[in-house]
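In terms of UniProt numbering, the numbers along the sequence shown are unbroken and rise by one, the last being 98.
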Amino acid sequence: MRAQLVVINNAEEQKFLKSWDIRNDKSTWIGLSDKHNEGSWQWVDNTHLHLSFWKEGEPNNQGEEDCAELSGDGWNDNKCSEEHFWICEKPSALCPGL
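Spelled out as structure tokens, the structure:
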């Protein structure tokens, strides 16, 4: 299946995902963490964070929070062990036979 947690590359993707999150009123994991190097946020595809949508005062690393979640109007850092929904993406592919 080759899916991974979502990497948010631009404001349009953030807006789309935020609209889903607000409708469902659930925090969701995105593919961003600093668990390998505290304070250095990196996406699951090994790219570094360049554009961010952190909520005011975040990330704050309160209590070893190393994973990012989409929560309401922005991102929040949280403990990776917390249970949340997740948003995944996978590469597009042509349909067989087309």
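Positions of the beta carbon are idealized from the N, C-alpha and C atoms, including for glycine. The structure displayed is predicted, hence computed values, not measured ones.
Counting C-beta neighbours from all protein chains within 10 Å, is the total for residue i 16 or more, i.e. buried, or is it exposed?
{"i": "Lys18", "result": "buried"}
{"i": "Trp75", "result": "buried"}
{"i": "Asp45", "result": "exposed"}
{"i": "Glu56", "result": "exposed"}
{"i": "Glu65", "result": "buried"}
Throw me the rounded Cβ distance for the residue i and residue j pair, which I believe falls under 8 Å.
{"i": "Cys80", "j": "Cys67", "result": "4 Å"}
{"i": "Leu53", "j": "Gln4", "result": "It is worth fixing the name first, because residue 53 is Phe in this sequence and not Leu. Going by Cβ atoms, the distance from Phe53 to Gln4 rounds to 19 Å, so no, they are not a contact pair."}
{"i": "Leu49", "j": "Leu32", "result": "7 Å"}
{"i": "Asp77", "j": "Glu58", "result": "6 Å"}
Give the range of the beta strand (DSSP E) segment to which residue i is assigned.
{"i": "Glu69", "result": "Cys67 to Ser71"}
{"i": "Asp77", "result": "Gly74 to Asn78"}
List the DSSP bridge partners of residue i.
{"i": "Glu89", "result": "Gln4"}
{"i": "Thr28", "result": "Leu70 and Phe85"}
{"i": "His48", "result": "Gln42"}
Whether or not the stretch 70-87 and the stretch 14-33 are in contact is what I'm after, with contact meaning three or more pairs of Cβ atoms, one per stretch, closer than 8 Å; do they touch? Verdict: yes, contact present.
Count the C-beta pairs between the stretch 34-41 and the stretch 87-96 that are closer than 8 Å, then say yes if the count reaches three, no if not. Cβ pair count under 8 Å is below three, so no.
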